[in-house]
Amino acid sequence: MLFSTRAGALLLALAGPALLPAAAAPPPAFRTDDPRYARLYALEDKADALFESDDYALSMSQKTRDAWTALETAASHSKVQGEAHPLAGVALINLSSMDQIDGRNPDALAHADRGLALLSPFRDAYPIYWMQGLSIKGYVQVTLNQIGAGVETLAEASRYIDGYFARTDPKALDESAMMLKSNIAFAHAQALSRLGRNSEAVEAQRRSMEARVAASGQNSADAVGAYYMYAQMLSRADRDAEAEIYARLAVDTATDHVDRKHPNYARALEALGLLLSRTGRRNESLAYLERSIAIKRETSGTKSLAFDFALQNLGNLLLPLERYDEAEPLFLEAERGFRDIEGDTSPQSARALAFAGVAAFAQGRREEAISRLQTALARGRTGSAEDRDMGQRVYPFLIPALIQAGRMDEARAAAADFDRETRQLDNLPGFAIANAGMLSAWANGGDSVDAACRLIALLRTSLSLQEDGALTEDQRAALDSVLAIATQARDAGLAMDAMALLAGSGIVQANHLVAQRMVDDPALGNRVRALQDRTRALQAADSLLLQALARDEGVAAARASRATLAKQVDADRTAIAHDFPRWLEARGGALPDLASLRANLAADEALLAVTPAFDGVYILAVSRERTAIIRAQETRADLVGRIARLRASLSATGFDQEGAHILYTQIFTPDVQDALGKAPRLRVVPTGAFAALPFAMLPQKPVEHIDRNTPWLIRRYALRIDSGFRPVVPQKLAAQDDRMLGIGAPLPFSQETQAIALKQRGGGAATLAQLPPLPGSAEELRSVARYFGPDHARLLIGANASEAILRTSDLRPYSVMLFATHGLVGGQMEGLDEPALLLSSPDTDSGNDGILTASEVAQMRIGADWVILSACNTAAGSSAQAPTYSGLAQAFRYAGAGALLVSHWPVRDDAGTFITVETVKANRRGAYRGVALQRAMLKLIRSGKPDAVQPYVWAPFILVGQ
150 MLFSTRAGAL
160 LLALAGPALL
170 PAAAAPPPAF
180 RTDDPRYARL
190 YALEDKADAL
200 FESDDYALSM
210 SQKTRDAWTA
220 LETAASHSKV
230 QGEAHPLAGV
240 ALINLSSMDQ
250 IDGRNPDALA
260 HADRGLALLS
270 PFRDAYPIYW
280 MQGLSIKGYV
290 QVTLNQIGAG
300 VETLAEASRY
310 IDGYFARTDP
320 KALDESAMML
330 KSNIAFAHAQ
340 ALSRLGRNSE
350 AVEAQRRSME
360 ARVAASGQNS
370 ADAVGAYYMY
380 AQMLSRADRD
390 AEAEIYARLA
400 VDTATDHVDR
410 KHPNYARALE
420 ALGLLLSRTG
430 RRNESLAYLE
440 RSIAIKRETS
450 GTKSLAFDFA
460 LQNLGNLLLP
470 LERYDEAEPL
480 FLEAERGFRD
490 IEGDTSPQSA
500 RALAFAGVAA
510 FAQGRREEAI
520 SRLQTALARG
530 RTGSAEDRDM
540 GQRVYPFLIP
550 ALIQAGRMDE
560 ARAAAADFDR
570 ETRQLDNLPG
580 FAIANAGMLS
590 AWANGGDSVD
600 AACRLIALLR
610 TSLSLQEDGA
620 LTEDQRAALD
630 SVLAIATQAR
640 DAGLAMDAMA
650 LLAGSGIVQA
660 NHLVAQRMVD
670 DPALGNRVRA
680 LQDRTRALQA
690 ADSLLLQALA
700 RDEGVAAARA
710 SRATLAKQVD
720 ADRTAIAHDF
730 PRWLEARGGA
740 LPDLASLRAN
750 LAADEALLAV
760 TPAFDGVYIL
770 AVSRERTAII
780 RAQETRADLV
790 GRIARLRASL
800 SATGFDQEGA
810 HILYTQIFTP
820 DVQDALGKAP
830 RLRVVPTGAF
840 AALPFAMLPQ
850 KPVEHIDRNT
860 PWLIRRYALR
870 IDSGFRPVVP
880 QKLAAQDDRM
890 LGIGAPLPFS
900 QETQAIALKQ
910 RGGGAATLAQ
920 LPPLPGSAEE
930 LRSVARYFGP
940 DHARLLIGAN
950 ASEAILRTSD
960 LRPYSVMLFA
970 THGLVGGQME
980 GLDEPALLLS
990 SPDTDSGNDG
1000 ILTASEVAQM
1010 RIGADWVILS
1020 ACNTAAGSSA
1030 QAPTYSGLAQ
1040 AFRYAGAGAL
1050 LVSHWPVRDD
1060 AGTFITVETV
1070 KANRRGAYRG
1080 VALQRAMLKL
1090 IRSGKPDAVQ
1100 PYVWAPFILV
1110 GQ
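Whatever position you read off the sequence shown (first residue = 1), add 149 for this note's numbering.
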C-alpha cells in the first residue's frame, strides 16, 4: 500500500503500457507499434520480462538494469521527429523505479528527470509511464527533503491522471489504472502532510482510498490498507472521531474477509491500536498492538523494519502506563532488529537502545541505564545519518542518573552539551530549554530551585492544553528531578507543585470523558476554547521568555508580555471555576498553595502525600506547624513491586507481613512522623501505584502474629483519601431527610441483552457474561435497609436495579446511597474507556446498556452525604495498572455526594454490612467521617467474627472525600 515501500514502488514499476489502454489517439506522426522500431520493442519485451519476474532477486538484478540500459542506449540513437525515441525515456523511468526500490534516491531522481525530459513530447502516447515517472520523481523529492518541489510534481501527476481518466472510456480503465491513480494520490497526500497542509492531504488520501477500493473491491486486502491509511491521515488533521470509523472499518474488513497472513491484516490492528492510544485509550489499544505483533511474528516474520517499529510502538505505549518491565524487552528486541538490518551505527537502533535505557532507569538499574544511554548517544552521532535529536532523547535521563550516581564531572559535561545542543534546535522548544537550564544548574550547583520553578510553570501551562493529561517520560523524569532538587533544598512548596502536576495528570486521565461531556454544553465549551487559545499564547510567551533568558537580551519585554498573558489566563480560569466548578475539578482542580493548605488544616489534622515520580518515590508531610519532604530509600520500582506483592498475598489467613512493615518504614520515616506531629486525623494524597495501597493495614511495628491488638496504622490515624491537594468541593444538594437508597444484585446478562450492550458499546461486552454472580449483595442491602427502617429505605434489586429506573429517579432526597454490584475498570472490556458500575441487563426498549459509567454518574444530581460502593474495584480509576481515586469515587463527588466509602478488593458480605452500618451510625452520632470509619474498622477487628482480625476482611474500605 505504501508508495515508499518496495512493494509500492514495484507496483508502479510494473504498471507498463501492456497493462493499460492508451489514453487517447496518438499523434499521427508517431505510433507505438511502428514496425520500423521492432528491434526496440524486442529490447523492451526482454527488459519487461526480467523486471516482471516472480524471482525478486532477478527482477532487481544487474541483468535487469543492463537490459533497461541497453534499451535506453538503442532508443537514444533512434530518432523520431528529431527527438530520441520515447522508449529511451521509458527505460530511464524503469531504472529510476529500481533505484527507488533500492533506496538510491539521488540516482532515482536523476533517472526520472532524464526520462521525463525524453518522454515529454510523447507523453500522451505513453501516459502510464509519464504518470509513473512523475510519481517517482515527486516521491523521491519528498524523501530528499525537497518537499515543496515534490508536492508540485505530484500535483502535476494528479492533474494529468485526472485528465487521462476523463478522456478514457470508463470500461477501458482496469485495475492497474485505478491502482496507479491511488498511488499518485497517496504520495501527494503524504507530501502535503509533510508541509502541514493536512486538509488538502486528507482530500488527496480520500481520492487514493476511493481509487484503490474501486480497483480491488471494498472487502479486499488493498481496501483494508486504504481504509487505515485514510484513518491515519484524518487523525493527523485532528479528525479523530472520523478516523476511528475508518480504522475500525479496516479491522472489521480484515477480520471478516482477509487472510491473516496478508500484511494489511496486522497493519490494520496496529493502526487502530495507535489511534486509540492517541485518543487516551491506552489500555484498549494494547490488545490491538499485541495481537498485531503476534500475527506478524507468526506470518511475515521478524526480519523487517516494519516489525521493529511495531515493537518500538508497543514499548512506547507501555512506558506511560509504567509497565517498564514489559517495555524493556520490546525495545531490546527492536534494537537488535534495527542493527541487523541497518548495521551497527543504525540511528533507529540507537533510539531503541535509548528507550531501553529509560526503562532500566525507571526500574532502578541506574548503572545499566547510564551505559545504554551513553552508547545510544555515541551511536546516534556516528551513524551514516546523524540523529540531531538524540541528545534530546538521552540527556533528560542521563544527567539525573549521573548526578544520583555521584559521577558529577560526567554530569556537568553532559549538561553543558545538552544546553548547547538545545540552543541549536529549530524553534527552541520551551520545555527543552527549561529542562536543560534546570539540569545544568543542578549539575553545577547553581540556583536549581529557581530553574525548577520556571520548568513547573511551563509544564503547568503545557499540560492544561492536553485533553488526556498524560505526561511524557521526559516530563515525568523532569518532575522527578524537580522533586530531587526540592528534597535537597527542603523546599516543601516546590515539592508540592511538582506532586500536584503528577497527581493532576492522573485526575485528568481518569476523568477526560467526564470533562468532555461537560464541554458539550456550548456555554462552557465556548469559554473553554477561548481559554485554550489564550493558554497557547501563554505557552508561546513562555518559550520566548526562555529564549530571551538564554540569549540574555529582550528579557524585560518578554517577561512583561508573559506576565500580561498569565494574568489573563488566571482570570479566565477563575471565572470558569466560579461558574463551572465541576469542570475545573475534572481538569485537575485549582492550583495548590502550601500556605493556604496549611492554614486550612484543622488543628487535629495533617496531610501526607506519597508520589512515585520516575525512578524515585517522594513523601511530603504537612501539618500546621511544620513540613518535611524526603525521598524514599528504595526505588520506585522496588516499592511498586512491594505493593503488588502485598496485594497479591492478601487472603483470609494472612498476608506479606514483612513487606507491609517495610512499606510503613519507607513512608513514615522519623522526619515524616515529626512533621505530622500528634494529629489523630490524616489526609493521604497517594498517586500512581500508591493509590492501590491500603494504608490502614500497614503495621507500625514488625509483627509475627495477627490478633486484635496488632499495631495497624488505623489505630494511629483516622484516614481520609484525597486525589489531590485541593479536595473536590461538591455541589452539595441537601438531602430532604434521613433516607437510604440501595441499588444492587442486578439481573445477569443474557445472550440477547449482552448483544444490546455489545452494539451500544462498540464491542467487547462479552466480558459481562463472564462476571460471577453476587449472591450476598441483596442480603447486604436488606441488612442496611433494616437499620434505616422500612419508611426510610428504598431498594432497587434484581430487575429494578436498572439504569433506566435510576436515571428517572429523584436522587436528591437520599442521605445514603449504597451500590452492591460489580465495579468495572476502564479498559476491562472493549468500548469501556472509563470505570463503571454494572446494573441489570437492559431490556430491548430501554435505550440503556446496563453500564453506568463515571461520565454518566457525573451528570447526575445527588444529595447524599454518603455514597457507599460495595463492589469490586470501586476505588479504581482508568486502568488496572494505574488505579486512582479519580474513578467512580470522583465522579460521584462531581454529582454532589459528600463522601464516599469504597473498596480496594471484593468485600465479604457480612463485613461490608458491618462496616457500612457502623460507619453511618458513628457519623450520625457526631464523629468525623474518617473517625467513624476508623471506629467501625476497629470494632470489626474486635467483633470475634470469623477471621475478622485479618486485613483481608476489614482493610479494603477507604474514605474518599470530606
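Here a beta-carbon is modelled for each residue, glycine too, at the ideal position from N, C-alpha and C.
Between residue 1064 and residue 1049, the CB-CB gap reaches or exceeds 9 Å. When only Cα atoms are considered, residue 582 and residue 721 end up about 27 Å apart. If you look at residue 1011, you'll find it isn't in any alpha helix (DSSP H); DSSP assigns it neither H nor E. Along the region 332-403, the alpha helix (DSSP H) occurs as fully enclosed runs of 4 or more residues at 347-365, 370-385, listed in sequence order. Residue 350 places its beta carbon less than 9 Å from that of residue 342.
Secondary structure remark: continuous beta strand (DSSP E) runs of at least 3 residues inside the region 944-972, in chain order: 965-969.
Sorting 564, 874, 865, 933 by C-alpha distance to the C-alpha of residue 892 places 933 at the top. The way I'd put it, the region 281-290 does touch the region 243-260; three or more beta-carbon pairs between them come closer than 8 Å. Closest option to residue 427, judged by alpha-carbon separation, among 795, 388, 279: 388. Between the alpha carbons of residue 958 and residue 1108 lies a distance of about 26 Å. For residue 1040, the closest alpha carbon among the candidates 1002, 1069, 644, 1019 is that of 1002. The three-state reading of DSSP puts residue 938 in coil, since its state is none of H, G, I, E or B. Where residue 1051 is concerned, the enclosing beta strand (DSSP E) starts and stops at 1048-1052. Per DSSP, residue 801 lies in no alpha helix (DSSP H) segment and is marked neither H nor E. Shortest Cα-Cα distance from residue 470 to any of 843, 396, 817, 429 involves 429.
Here DSSP, grouped into helix, strand and coil, assigns residue 212 to helix. A straight-line Cα-Cα distance of about 7 Å links residue 765 and residue 780.
If you draw a straight line from the Cα of residue 506 to the Cα of residue 485, it is about 14 Å long.
According to the DSSP assignment, residue 893 belongs to the beta strand (DSSP E) that extends over 889-895. With fewer than 16 other CB atoms across the displayed protein chains lying within 10 angstroms of its CB, residue 492 is exposed.
Counting only unbroken stretches of 4 or more residues, the alpha helix (DSSP H) elements lying wholly within the region 428-474 are 431-447, 454-467, in sequence order. Within the same chain, and ignoring the five residues on either side of residue 586 in sequence, the residues whose Cβ sits closer than 6 Å to its Cβ are 600. Residue environment for residue 269: exposed (fewer than 16 other C-beta atoms within 10 angstroms of its C-beta). Per DSSP, the continuous beta strand (DSSP E) segment holding residue 761 begins and ends at 754-761. C-alpha of residue 228 to C-alpha of residue 235: approximately 9 Å in a straight line. Within its own chain, the residues whose Cβ lies closer than 7 Å to the Cβ of residue 963, once the five positions on either side in sequence are excluded, are 884, 888, 889, 890, 1012, 1013, listed in chain order. At the C-beta level, residue 264 and residue 282 come within 9 Å of one another.
Exclusion of the five residues before and after residue 460 leaves 479, 482, 483 as the residues of its chain whose Cβ lies within less than 6 Å of its Cβ. Cβ-Cβ separation between residue 418 and residue 434: approximately 10 Å, too far for a contact (criterion under 8 Å).
Residue 642 has its alpha-carbon roughly 37 Å from the corresponding atom of residue 524. Under the three-pair Cβ rule at 8 Å, the region 983-992 does not count as touching the region 1084-1092. Residue range 776-780 is occupied by the beta strand (DSSP E) that includes residue 780.
Beta-bridge pairing by DSSP links residue 770 to 757, 777. Relative to the Cα of residue 300, the nearest Cα in the group 925, 940, 790, 346 belongs to 346.
Judged by beta-carbon spacing, residue 683 lies within the 9 Å limit of residue 717, meaning their Cβ atoms are closer than that value. Only residues of its own chain outside the window of five on either side were considered, and among them 596, 597, 600 have a CB closer than 7 Å to the CB of residue 590, listed in chain order.
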